[in-house]
Amino acid sequence: MLEWTWPWALALLPLPVLLVFLRSRETSQETALWVPQFRLWQSLGNASRGPRSLFQRGNFWLQFLIWSALVLALARPHWIGEPILLPQSGRDLLLAVDISGSMRVEDMVIANQAVRRIDAVRDIGAEFIERREGDRVGLILFGSRAYMQSPLSFDRDTVKQFLSEAQIGFAGSETAIGDALGLAVKRLRDKEDGDRVVILLTDGQDTASSVDPLDATALAANYGVKVYTIGIGADEMLVPSLFGNRRVNPSAELDEETLSAMAESTGGRYFRARSPDELAKIYDLLDLLEPTQTDGATYRPQQSMLHWPLGVAWLFSVIWLLRQSNLQAALKGDANEPA
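For the sequence shown, position 262 (counting from the first letter as 1) is numbered 246 according to my numbering, and the numbering increases by one without interruption.
Okay, here's the thing in structure tokens:
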């Protein structure tokens, strides 16, 4: 459907014809209004028949077409396409991922090979993000400080890319769980309808927050933000020593009590991921969250048609200039002929 940004400009279309008509009735009246090519238009009111008169009339209609095309361009035409359904949002979902120094511990096993905790989170988290079609997904990375790495978006590929590029120590070596949740709530609180979910993954306890994790949890509950917490890290691993390998608990600093309280206070759940398989199963459970049932919004794409009238104006201007050149050449030739 064709629409105009400034349709009132179309009222200027008949102006040249109106001027010629008025001139034909009042040949002796001088005009105080200057209009481009007005001398040509006013001459048409009294033009006699003959080759020169026909040439003038041809020029008039060419200039009228140029004028019309420019007026159409001034009105700013644009084409409105058919309505397109926007992606329906099931929820706003923020992933808050710990990238403190302890995430480099190699107690996760993938394909019989020990890998760092952050590597397991990257691989399995990317698969989870890919499945979140219809959700707006964002990413927060936190260590000693919390950063919004990727704002809420339907662009899951971008969020996955940012997660894959997460580097240990980028946000500091400590753990600011409360600040990460506080930042997530700040980003989610303005959304009035639908589910707002935070999935917070860490392997330790809060050591650097300016906001206590339970205070941030109370804020989340106040705004209706549901928090799911995941504690990652194996219960035991073998480490070499002077007297051979010994078993240690690499997750001794994991504050499961606080993580569990954070989840329960907001209607979420706390999960324990001791291996990549358990982490994958946790994400499968999170996939069962009910999507928000909302009417999908639509938009109608707009395409500017300004280039069409401008192109027509340019084409007829070239034709008019060629006619003028031919006329000048003809007049010069007549002047040079002997009497």
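C-beta atoms are modelled at their ideal positions from N, C-alpha and C, and glycine is treated no differently.
- The three-state reading of DSSP puts L290 in coil, since its state is none of H, G, I, E or B.
- Straight across, the Cα-Cα distance linking N43 with R307 is about 8 Å.
- In the three-state reduction of the DSSP assignment, E149 falls in the coil class.
- A residue is called buried when at least 16 other Cβ atoms come within 10 angstroms of its Cβ; R171 meets this threshold and is buried.
- A contact between stretches requires three or more CB pairs, one per stretch, nearer than 8 Å, and the segment 122 to 131 meets this requirement with the segment 81 to 90.
- In the displayed model, M(-15) falls within coil according to three-state DSSP, outside both helix and strand.
- Looking at the backbone, the Cα of M221 and that of G251 are separated by about 33 Å.
- Linking S194 to F112 through their CA atoms gives a straight-line distance of about 30 Å.
- K265 carries a helical assignment under DSSP once its states are collapsed to helix, strand and coil.
- Around W(-10), the same chain offers L58, A59, R60 as residues with beta carbons nearer than 8 Å, after the five sequence neighbours per side are excluded.
- DSSP places M132 inside the beta strand (DSSP E), whose first and last residues are 130 to 137.
- In terms of Cα proximity to I183, the closest of R7, L78, W298, E(-13) is L78.
- DSSP lists W(-12) as the beta-bridge partner residues of P61.
- By the C-beta criterion, the segment 88 to 103 is judged not to be in contact with the segment 201 to 210, since fewer than 3 inter-stretch pairs fall below 8 Å.
- When the Cα atoms are used, F138 and V121 turn out to be separated by approximately 6 Å.
- Annotation: the continuous beta strand (DSSP E) that includes A80 extends over 75 to 82.
- Contact check for G217 and D187: beta-carbon distance about 5 Å, within the 8 Å limit, so the pair qualifies.
- G162: not part of any beta strand (DSSP E); member of the alpha helix (DSSP H) spanning 161 to 172, first to last residue.
- If the five residues before and after Q133 are omitted, its C-beta is found closer than 7 Å to the C-beta atoms of L123, I124, L125, F146, all from its own chain and listed in chain order.
- Across the structure, W51 and A313 are spaced so that their CA atoms are roughly 26 Å apart.
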